[in-house]
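In the numbering used here, the protein residues as written are 93 to 488.
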């Protein structure tokens with residue numbers, strides 16, 4: 093089965109075609125600047141990356157350009173569109189309505205639209221991608237894979253906020269969590285690496301990128317995660333503040349004469365390690381600057397690592413122990429200094445890191461020594477493959 097995986101943003105569309113039996117990526121790429129001027133990046137398996145500038149007024153044109161590239165007589169990887177057996181869509185927010193992936197129909201689309209208040213930047217864009225694919229690939233089954241679904245196993249004590257219960261009843265204000273596809277994939281892969289039953293492990297997954305979250309997975313189920321109603325809660329991130337006293341928000345708003353839109357921009361776009369360093373949200377830039385003596389860059393990295401370690405400690409308590417800690421995503425997979433700094437707080441768990449192994453980047457690696465009481469792994473995430481697997485399972 094050939095599965096087209098779509099991850100649609102407001103002005104972008106990432107895609108991969110995966111052959112489900114071999115799990116080979118036949119082609120991948122991204123459409124950018126949709127609605128502005130348009131650019132498609134296309135790379136077939138074993139081939140060179142191709143970049144084409146072309147107008148894309150809407151996502152429908154972007155989807156058509158992707159499909160044209162896939163069946164191109166010279167560089168295409170498919171003979172015809174009939175070889176696309178299913179489409180898997182990343183959908184960000186499913187609220188409490190979706191605890192698993194689903195076959196997309198009009199009822200599902202309506203339910204996702206109802207959740208758009210909870211993810212106003214993501215859900216509408218995701219649905220644009222669904223509609224565009226439906227228009228071009230008529231009759232091809234489509235599956236929605238939700239970022240929030242994996243976390244629907246959280247108990248009430250983990251997902252309820254300490255606010256009047258009526259806000260949960262009326263508006264479903266609660267913790268939902270995100271990066272669920274990644275947390276699910278990485279925790280399952282960790283069990284395979286350790287050759288232990290998934291249901292027997294207490295796993296903490298640290299998905300550390302520009303957006304970052306930590307998840308406690310006990311017995312194969314998410315029992316807590318750091319992101320909340322929105323991706324703003326939790327860790328200090330690239331440009332997001334993470335956890336902050338609400339009174340500090342009010343104080344800043346009054347001092348800076350900011351309305352709600354203005355203060356949310358500060359918290360989402362101007363904060364995190366970018367706001368702390370005054371330099372960049374890219375950890376590579378912060379690392380270089382810190383090594384050159386930039387104290388604010390060093391402080392930003394230190395704050396980030398401290399917050400991650402705090403969440404790991406709290407989730408070890410929530411699960412009454414931990415068997416394995418996984419690092420994944422852009423920073424988690426590639427920044428050994430960040431991993432080392434985080435693990436330096438975790439000696440109380442009996443963790444010992446192999447300094448040579450910790451130099452590895454982007455490949456599956458056991459980072460802990462044989463004497464370590466808790467296994468520490470580097471596990472590259474593969475959300476597209478996870479979406480493909482979910483799609484095949486639903487369609488089958």
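Think of the CB as a built atom: it goes at the ideal place given N, C-alpha and C, for glycine as much as any other residue.
field: 8 Å CB neighbourhood of residue 395 in its chain, flanking five on each side removed
entry: Excluding positions up to five away in sequence, the list reads 328, 365, 368.
field: Alpha carbon of residue 98 to alpha carbon of residue 181, nearest angstrom
entry: Between residue 98 and residue 181, the C-alpha separation is close to 5 Å.
message: Please classify residue 166 as buried or exposed, where buried requires at least 16 neighbouring CB atoms within 10 angstroms.
response: Here residue 166 is exposed, its C-beta having fewer than 16 other C-beta atoms within 10 Å.
The region 113 to 132 / the region 193 to 200 touching (three or more Cβ pairs under 8 Å): The region 113 to 132, when compared against the region 193 to 200, does not touch it at the 8 Å Cβ threshold.
field: First through last residue of the alpha helix (DSSP H) which encompasses residue 276
entry: Per DSSP, residue 276 belongs to the alpha helix (DSSP H) from 272 to 286.
- prompt: So which of 410, 318, 249, 232 has the shortest CA-CA distance to residue 272?
  reply: Cα-wise, what sits closest to residue 272 is 318.
query: Terminal residues of the continuous beta strand (DSSP E) containing residue 136?
result: In the DSSP assignment, residue 136 falls within the beta strand (DSSP E) that extends over 131 to 136.
task: Return helix, strand or coil for residue 385, following the three-state DSSP convention.
output: In this structure, residue 385 counts as coil in the three-state DSSP scheme.
message: Here's a check: name, in chain order, each residue in its chain whose Cβ is nearer than 6 Å to the Cβ of residue 95, leaving out the five neighbours to either side.
response: Excluding positions up to five away in sequence, the list reads 110, 112, 178, 180, 480, 483.
- prompt: When you compare each of 105, 242, 296 to residue 438 by their alpha carbons, which one comes out closest?
  reply: For residue 438, the nearest C-alpha among the options comes from 296.
- request: Could you check how far apart the C-beta atoms of residue 471 and residue 282 are, in whole angstroms? I think they sit under 8 Å.
  value: The Cβ separation is near 6 Å, so the contact holds.
task: Ignore the nearest five residues each way along the sequence and tell me which others in residue 404's own chain have a CB closer than 6 Å to its CB.
output: Same-chain partners within the cutoff: 296.
query: Is residue 270 near residue 238, with beta carbons less than 7 Å apart?
result: No, the pair does not count as a contact, with Cβ atoms beyond the cut-off.
message: Once the 5 residues before and after residue 151 are set aside, which same chain residues still bring their CB inside 7 Å of it?
response: The answer, listed in chain order, is 100, 105, 126, 220, 221, 224.
query: Should the region 196 to 215 be called in touch with the region 228 to 236, which here means at least 3 C-beta pairs below 8 Å?
result: Yes: the two stretches touch, three or more of their Cβ pairs being nearer than 8 Å.
query: How would you call residue 333, buried or exposed, if buried means at least 16 neighbouring beta carbons within 10 angstroms?
result: Classification for residue 333: buried.
- request: Label residue 310 either buried or exposed according to how many other C-beta atoms from any shown protein chain fall within 10 Å of its C-beta, with 16 as the threshold for buried.
  value: Classification of residue 310: buried, given that the 10 Å Cβ count is 16 or more.
query: What residue does the alpha helix (DSSP H) around residue 206 start on, and which one ends it?
result: Segment 198 to 206, the alpha helix (DSSP H) holding residue 206.
task: Per DSSP, which residues does residue 107 bridge with? Please list them.
output: The beta-bridge partner set that DSSP reports for residue 107 consists of 98, 121.
query: Under the rule that 16 or more other beta-carbon atoms within 10 Å means buried, what is residue 323, buried or exposed?
result: When all chains shown are included, residue 323 counts as buried.
task: Give the straight-line distance between the Cα atoms of residue 325 and residue 163, rounded to the nearest whole angstrom.
output: Distance between the alpha carbons of residue 325 and residue 163: 43 Å.
- prompt: In chain order, which continuous runs of the beta strand (DSSP E) of length 3 or greater are located wholly inside the region 377 to 432?
  reply: Counting only runs of 3 or more, we get 416 to 420.
field: Sequence-distant residues of the same chain with beta carbon closer than 7 Å to residue 363, five excluded per side
entry: Result list for residue 363: 331, 332, 333, in chain order.
query: Going by Cα to Cα distance, which pick from 460, 426, 147 is closest to residue 299?
result: Among 460, 426, 147, the Cα nearest to that of residue 299 belongs to 426.
query: When the distance is taken between beta carbons, is residue 276 closer than 7 Å to residue 242?
result: Cβ atoms of residue 242 and residue 276: closer than 7 Å.
- request: With a 10 Å radius around its C-beta and 16 neighbouring C-beta atoms as the bar for buried, classify residue 248 as buried or exposed.
  value: Residue 248 should be labelled exposed.
query: For residue 184 versus residue 211, is the C-beta spacing smaller than 7 Å?
result: Going by beta carbons, residue 184 and residue 211 fall inside the 7 Å limit.
task: Inspect the beta-carbon positions of residue 421 and residue 473 and report whether they are closer than 7 Å.
output: Yes, Cβ-Cβ distance for residue 421 and residue 473 is below 7 Å.
- request: Return helix, strand or coil for residue 326, following the three-state DSSP convention.
  value: Annotated three-state conformation of residue 326 is coil, per DSSP.
query: If you draw a straight line from the C-alpha of residue 381 to the C-alpha of residue 429, how long is it?
result: Their backbone Cα atoms lie some 14 Å apart in a straight line.
- request: Tell me, please, which residues DSSP counts as bridged to residue 180.
  value: Answer is 97, 235, bridged to residue 180.
task: For the alpha helix (DSSP H) containing residue 151, list its first residue and its last residue.
output: Unbroken alpha helix (DSSP H) run through residue 151: 151 to 162.
query: Do you know offhand how far residue 209's Cα is from residue 457's?
result: Each residue's Cα considered, the two are about 40 Å apart.
- request: State the DSSP-derived secondary structure class of residue 315, mapped to helix, strand or coil.
  value: For residue 315, the secondary structure class from DSSP, reduced to helix, strand or coil, is strand.
field: Nearest candidate by alpha-carbon position, reference residue 464, set 441, 171, 218
entry: It is 441 whose Cα lies nearest to the Cα of residue 464.
message: Using a Cβ-Cβ cutoff of less than 7 Å, which residues in the same chain neighbour residue 454 once the five nearest sequence positions on both sides are dropped?
response: Around residue 454: 425, 426, 472.
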